[in-house]
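To convert a position in the sequence shown, counted from 1, into the numbering used here, add 24. Structure first, then comments.
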Amino acid sequence: MSAELDLAAYRRRIGYDGALEPRLDVLRALHLAHATAIPFENLDIQLGLPIRLDLASLQDKLVRRRRGGYCFEQNTLFLAVLTAAGFEVMPCEARVRLGAQEILPRTHMLLVVRLAGGAWLCDVGFGGEGLLQPVPLDGQAHPQFQNVYRVAGEQGLCVLQSRRGEDWEDLYAFQPEARFPVDFEMANHYTSTHPESRFIRTLTAQLPGPEVRRILRNRAYAELRGAEVSGRELAPEEVIPVLRTVFGLDLPEGARFRAFEN
């Protein structure tokens, strides 16, 4: 996988010119640069296009064409980068709990990186509520700019949580066990084609940053600054301009999205 990777182009895409060695400071810097440069988005699903997870397709879309993607795309690309840099990386599957009223299938991809000091959760593909930097699997609270995260234990599971005031909110739960590309292909097929998938029913573009997290879901646009939330409902003709100017995603005029056709 690393033999096909254009690291120079990737580094330009995320604006990173630092070291590429299996060290914690490098892991943190790469994670932050990727998470804040490449938007989380599902526009190809909304346009009726397939989601391909091979490295050539991911580099063409996320790097060369400067698009974004969702978890399988983002973390598969990040896995290739970390592997090329010499990190020991284990891809895992999670069940999303954020906003869920029932048990959901394992449709989220994340990475666990092992360093001399322990294991770290890396995830550049959870969108606006997601991590900006890795979090150790130690059960302790770890501030990240305006957010606080921890990875708690629960009957053999690891649960990523975000602090909301005095409470902890579950984001997703996973077993720290390796999964294979075919597992993510199956989950990707479900999330990108099943009529009840949230990615079929909802257009989204999300970009987290140290000071503000920007989130578009259908026509609802919001900016999160810690506990402060501001936003508004976009007019239909504003959606594509916002995707371009706020998220840096170029789309043709007149693009039609599945979520707006029902």
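In this text, a Cβ means the ideal position worked out from N, Cα and C, and glycines have one as well. Every value quoted in this text rests on a predicted model; they were computed, and no experiment measured them.
Inter-residue Cα distance where the pair is residue i and residue j
i	j	result
Gln164	Ala124	24 Å
Gly152	Arg52	18 Å
Arg282	Ala140	46 Å
Ile127	Phe96	20 Å
Tyr245	Thr269	13 Å
Leu77	Ala259	33 Å
Leu31	Pro129	33 Å
Asp44	Val50	What sits at residue 44 in the sequence shown is Leu, not Asp. In a straight line, the C-alpha of Leu44 is about 7 Å away from that of Val50.
Leu188	Pro205	Reading off the sequence, residue 188 comes out as Arg, not Leu. If you take the alpha carbons of Arg188 and Pro205, they lie about 34 Å apart.
Gly272	Gly92	9 Å
Val175	Asp162	7 Å
Pro219	His213	11 Å
Helix, strand or coil at residue i according to DSSP, with G and I counted as helix
i	result
Val148	coil
Pro200	coil
Asp207	helix
Ile239	strand
His213	helix
Val113	strand
Arg138	strand
Ala143	strand
Gln168	strand
Glu277	coil
Pro46	coil
Val270	coil
Pro160	strand
Ser221	coil
Pro260	helix
Tyr34	helix
Pro265	helix
Gln98	helix
Leu86	helix
Arg282	helix
Glu126	coil
Ile75	coil
Leu103	helix
Residues that DSSP places opposite residue i in a beta bridge
i	result
Phe64	Gly93, Gln230
His132	Ala118
His55	Looking at the DSSP assignment, His55 forms no beta bridge with any residue, so it has no partner.
Leu184	Val175, Tyr196
Val253	Leu248
Asp191	Arg188
Residue range of the unbroken beta strand (DSSP E) whose run includes residue i
i	result
Tyr173	171-178
Tyr245	244-249
Limits of the unbroken alpha helix (DSSP H) element including residue i
i	result
Leu82	79-82
Could you tell me whether the segment 64-72 touches the segment 192-203, using the rule of 3 or more Cβ pairs below 8 Å? no
Counting pairs of Cβ atoms below 8 Å between the segment 180-188 and the segment 57-69, do you hit three or more? no
Determine, using beta-carbon pairs with one atom in the segment 80-90 and one in the segment 105-120, whether at least three such pairs fall under 8 Å. no
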